[in-house]
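Below: one structure, written as structure tokens.
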Amino acid sequence: MENNEIIEIIAATKNAHKVKELGEMLNLDRIKLKSLSDMDFSGEIEENGSTFEENALIKAETVCKLYGKPSLADDSGLCVDFLSGAPGIYSARYASVGNENATDKDNVNKLLYELKGVPEKDRTAKFVCVLALVFPDGRKITVKGECNGSITFDERGFDGFGYDPVFYYPPLCKTFAEMSEGEKNSVSHRKNAVDLLKKELIDIFNVETTGKD
Ligand code: ITT
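Here you go:
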């Protein structure tokens with residue numbers, strides 16, 4: 093492969109926050125991340141796997157098949173110890189009745205309700221992010237990143253998305269929603285997964301980091 097060839101990777105997610113975070117963290121020269129809106133994708137992908145890995149692969153394989161380009165999916169969620177790992181793979185639709193995604197606000201409210209009266213020491217949780225990269229020739233890579241923290245008693249902060257206002261990260265004494273983008277992107281589950289993916293991409297494509305991170 094020539095050294096100046098641009099490698100396009102499609103971010104197989106409808107979540108604009110994920111695309112933004114992935115784009116900011118995946119600083120590799122010659123790798124261009126395109127979003128599903130760049131591809132005019134309006135379909136639904138049924139996430140019927142039973143693990144983060146299975147769901148990430150389902151999303152990446154579907155998009156890869158559709159466009160014939162390397163596709164990168166992110167399946168992520170929040171696992172709360174007191175709730176035996178819930179909401180886990182159901183994080184996006186935790187507060188929904190059917191299969192429709194609930195709003196972030198509904199999900200946060202439900203989580204705070206389920207943890208009502210639970211003391212601070214029992215509110216430990218982790219964010220998990222599995223990235224799956226699927227190539228048209230059938231090669232597949234999955235990597236997993238995690239970030240440990242705990243669930244607050246109330247929402248704190250206005251940045252980020254999803255469960256960020258209630259996910260407290262002890263080393264920085266802030267919730268993810270109280271952090272700047274740069275702070276969250278230097279410690280998050282997604283950052284830890286992206287770091288592992290970058291190592292793979294550097295090996296496969298002989299690309300280099302742009303030094304932005
Ligand atoms: P795609 O499937 O299209 O990628 P989605 O938002 O439905 O978008 P998931 O099925 O992976 O993605 O669900 C992940 C949910 O977990 C997400 O909607 C948030 O509620 C939560 N989540 C994941 N990463 C998060 C983060 O960095 N901060 C806050 N919440 C997060």
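Okay, so the sequence shown: first residue is 93 according to our numbering, each after it adds one. Where a beta carbon is used, it is the ideal one built from N, C-alpha and C, also for glycine.
What does the alpha-carbon distance come out to for the pair G180 and E136? 21 Å
Quick check: does the Cβ of T105 come within less than 7 Å of any heavy atom belonging to the ligand ITT? yes
Residue range of the beta strand (DSSP E) that K110 falls in? From DSSP, K110 is part of no beta strand (DSSP E) but of the alpha helix (DSSP H) over A108 to M117.
Can you tell me where the alpha helix (DSSP H) with I123 in it begins and where it stops? No alpha helix (DSSP H) holds I123; the beta strand (DSSP E) holding it covers I123 to S127.
When the Cβ atoms of the region 134-149 are set against those of the region 159-171, are three or more pairs found closer than 8 Å? yes
Return yes when the Cβ of V299 is within less than 8 Å of the Cβ of I102, no when it is not. no
Which same chain residues end up closer than 7 Å to L293 when comparing Cβ atoms and leaving out the 5 residues on each side of it in sequence? L120, I123 and V299
May I ask which residues mark the beginning and end of the alpha helix (DSSP H) holding V155? F144 to Y159
Only counting runs of 3 or more residues, tell me where the beta strand (DSSP E) segments fall wholly within the region 201-251, in order along the chain. 216-226 and 232-243
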